[in-house]
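Down below is the structure, laid out as structure tokens.
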Amino acid sequence: MSKSTLRKAYDGMSKLPRRTRNRALQALFCTMVKYAGTSSVQFVDISPQRTVMRIRNRRKVQNHIGGLHAVAMALVGESATGVLVALNLPAGKIPVIKHMGIDYRKRCSGDLTATATLSPEQLAQMKTQDQGEVAVQVSFVDGEDKAPIEATMVWAWISPRG
Numbered sequence: 205m206s207k208s209t210l211r212k213a214y215d216g217m218s219k220l221p222r223r224t225r226n227r228a229l230q231a232l233f234c235t236m237v238k239y240a241g242t243s244s245v246q247f248v249d250i251s252p253q254r255t256v257m258r259i260r261n262r263r264k265v266q267n268h269i270g271g272l273h274a275v276a277m278a279l280v281g282e283s284a285t286g287v288l289v290a291l292n293l294p295a296g297k298i299p300v301i302k303h304m305g306i307d308y309r310k311r312c313s314g315d316l317t318a319t320a321t322l323s324p325e326q327l328a329q330m331k332t333q334d335q336g337e338v339a340v341q342v343s344f345v346d347g348e349d350k351a352p353i354e355a356t357m358v359w360a361w362i363s364p365r366g
């Protein structure tokens, strides 16, 4: 199985200090996903089984009352789950968000961190199926260690049209 561009970069940087590796992978991701770069989504930690990303509560991603905008909150969850899927798909497969189910439970205080995880069964499915979909678990924590939103992110993968 050949590796995706993101996985090759991750593997190639595995011996770098975590902070340096995360920044380099963040730069690569943000060149591929322009809106994540515009919104300054940050990598906190990344591995093939778990990805943690954060979005800071800054003016350019705030709503009219000074909190994180709903779209910014969704973006950090989509980014965390999308990176995890892209990291684990073989080369030549394209990850596509299929469904985002988001329940906004309370106002977000401060920055928002999203943690996405994949089970061993999901990892095996992604490596063996030519196309398919997976519901990626994602949890959110704000600056008060509360979960302002709950979300379900379903990703599909396809082969490029040729």
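Just so we're aligned: 337 in the numbering used here is position 133 of the sequence shown, and the numbers increase by one with no gaps anywhere. Quick reminder that beta carbons are idealized off the backbone N, C-alpha and C, glycines included. All of these numbers come straight from a predicted model, not from anything done at the bench.
Cβ neighbours of V289 within its own chain (closer than 6 Å, five residues either side excluded): P299, W359. With contacts defined as CB atoms closer than 7 Å, G314 and D346 qualify as a contacting pair.
Closest option to R262, judged by alpha-carbon separation, among G271, F247, L220: G271. Short of 7 Å from the beta carbon of V265, and not among the five residues preceding or following it, lie these beta carbons of its own chain, in chain order: S243, I259, L272, H273, A276. P352 sits close to K310, with the two beta carbons spaced by under 7 Å. Between the alpha carbons of Q246 and R222 lies a gap of roughly 13 Å. In the structure shown, P221 falls within a coil segment according to DSSP collapsed to helix, strand and coil. The beta carbon of G281 sits closer than 8 Å to the beta carbons of M304, I306, A318, A320, V342, F344, I353, A355, M357 from its chain, once the five residues preceding and following it are set aside; these are given in chain order.
Taking 8 Å as the upper bound for CB-CB distance, S208 and P294 are in contact here, some 7 Å apart. Contact check for V338 and M330: beta-carbon distance about 7 Å, within the 8 Å limit, so the pair qualifies. The beta-bridge partner set that DSSP reports for L272 consists of Q266.
Every alpha helix (DSSP H) of 4 residues or more that sits fully in the stretch 225-312 is shown, in chain order, as 238-242, 274-292. In the DSSP assignment, M357 forms a beta bridge with M304, V340.
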